[in-house]
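Okay, structure first, notes after.
There are 2 protein chains.
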Amino acid sequence: MADQTQMLKGILDGCLLAIIKEGEIYGYELAAKLESYGFTSFSEGTIYPLLLRMQKEKLVATTLRKSTAGPKRKYYSLTEKGEQELLLFHQRWNQLNKTVNKVLKKEEM
Amino acid sequence: MADQTQMLKGILDGCLLAIIKEGEIYGYELAAKLESYGFTSFSEGTIYPLLLRMQKEKLVATTLRKSTAGPKRKYYSLTEKGEQELLLFHQRWNQLNKTVNKVLKKEEM
DNA sequence: TTTTTATATCTTGCATTACAAGGTATATAA
DNA sequence: TTATATACCTTGTAATGCAAGATATAAAAA
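Protein chains in written order, with the working numbering: chain D, 608 to 716; chain L, 608 to 716.
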């Protein structure tokens, strides 16, 4: 049956937007931040394709900057469209949350 | 970007288990019940394959019974394994819930 | 100098799963 | 006998998390 992997579908992108909104951040750092929030460790094969997708959709803008200890970092920031998408995500998530919790609470009785 | 469709992945099956636990129910009825809980209407192309999958995994047991107004109904009930899976789903859902809400709350400040 | 290590990003291919579309069958009512 | 509501199933598609592997840079160790 479904594991955490499946549960993340359609949720991870919203979380990325939320974290990027806190301030410019680059991919490698983002992966670490997600873990610090309680997500199980993230593969780069998950993060980078997602970031590229969001860049294509113009939800995020990017800037390359030199690193002190490796190749250039690609910093992400939210666009106006990204902010709007984040708001929509909030709504979808809250709705889902409410509905699922209703189903689960009912079943406990 | 992801819509409700993607968000449901790995969540819908747990919700089905939760509803079936409330009492024996057949597929067609289940679809209606989900709507009553606040989910947007469900295609039968979503429900039936999922139920068959859960049957194969022995999470649910089935009984055919005559209907008063149509072909036979296939009633589903939880197996012992299904109950355990439901518990695991609860844990996964609560964990996800906590983590995502933490990310979203932070971003609001 | 050469090698190793940590940092940093990207690509390819796979598995899972919600869903649309279409098909079949039964019972009642018009 | 036709229409309608009920009830279930199958096939194919799209979306997306992730494993595995490739590439590149900079600092430290050998």
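Cβ coordinates follow ideal geometry from the N, Cα and C atoms, glycine included. Owing to the predicted nature of the structure, the values given are computational and were not obtained by experimental measurement.
State yes or no: is the C-beta of Lys628(D) within less than 8 angstroms of the C-beta of Leu685(D)?
As a working mapping, residue 628(D) is identified with position 21 in the first sequence. As a working mapping, residue 685(D) is identified with position 78 in the first sequence. Against a cut-off of 8 angstroms, the Cβ pair of Leu685(D) and Lys628(D) comes out as a contact.
Just verifying my parser: in three-state terms, what is the DSSP assignment at Tyr682(D)?
As a working note, residue 682(D) is residue 75 in the first sequence. If DSSP states are grouped into helix, strand and coil, Tyr682(D) belongs with the strands.
Apart from the five residues on each side of it in sequence, which residues of its chain come closer than 6 angstroms, Cβ to Cβ, to Ser648(D)?
Counted from its first residue, the first sequence places residue 648(D) at position 41. Around Ser648(D): Glu642.
With 8 angstroms set as the bound, which would you pick, yes or no: does the beta-carbon of Ile618(L) sit closer than that to a beta-carbon of chain D?
The sequence position of residue 618(L) within the second sequence is 11, counting from 1. Taking Cβ atoms only, chain D reaches closer than 8 angstroms to Ile618(L), which makes this a yes.
When Lys688(L), Lys640(L) and Thr669(L) are compared against Gly623(L), the one with the closest alpha-carbon
One-based indexing of the second sequence puts residue 623(L) at position 16. Residue identity check: residue 623(L) is Leu in the sequence provided, not Gly. Considering only alpha carbons, the answer is Lys640(L).
What's the C-alpha gap between Ile618(L) and Thr670(D)?
Taking the second sequence and counting its residues from 1, one reaches residue 618(L) at position 11. Taking the first sequence and counting its residues from 1, one reaches residue 670(D) at position 63. Those two C-alpha atoms are separated by around 36 angstroms.
If you drop the 5 nearest sequence neighbours on each side, which residues of the same chain put their C-beta closer than 6 angstroms to that of Ala638(D)?
As a working mapping, residue 638(D) is identified with position 31 in the first sequence. If we look at Ala638(D) and ignore the five residues flanking it on each side, its Cβ neighbours are Phe649 and Ile654.
Would you kindly work out how many angstroms separate the C-alpha atoms of Lys713(L) and Ala625(D), rounded to a whole number?
Mapped onto the second sequence, residue 713(L) falls at position 106. Mapped onto the first sequence, residue 625(D) falls at position 18. The alpha-carbon atoms of Lys713(L) and Ala625(D) are separated by roughly 8 angstroms.
Counting pairs of Cβ atoms below 8 angstroms between the stretch 695-712 of chain D and the stretch 696-714 of chain L, do you hit three or more?
In short, these stretches touch, since the Cβ pair count reaches three.
Between Gln611(L) and Leu659(D), what straight-line distance do the alpha-carbon atoms span, to the nearest angstrom?
Here residue 611(L) refers to the residue found at position 4 of the second sequence. Here residue 659(D) refers to the residue found at position 52 of the first sequence. Whole-angstrom Cα-Cα distance: 22 angstroms.
What first and last residue would you give for the alpha helix (DSSP H) that runs through Thr670(D)?
If you number the first sequence from 1, residue 670(D) lands on position 63. Counting along the chain, Thr670(D) falls outside any alpha helix (DSSP H), though it belongs to the beta strand (DSSP E) covering Val667 to Arg672.
Closest residue to Lys705(L) among Gly645(D), Glu651(D) and Glu690(D) (Cα-Cα distance)
Taking the second sequence and counting its residues from 1, one reaches residue 705(L) at position 98. The shortest Cα separation from Lys705(L) among Gly645(D), Glu651(D) and Glu690(D) belongs to Gly645(D).
Relative to the C-alpha of Glu636(D), which candidate in Glu687(D), Lys688(D) and Lys681(D) has its C-alpha closest?
For the purposes of this step, residue 636(D) is taken as the residue at position 29 of the first sequence. It is Lys681(D) whose Cα lies nearest to the Cα of Glu636(D).
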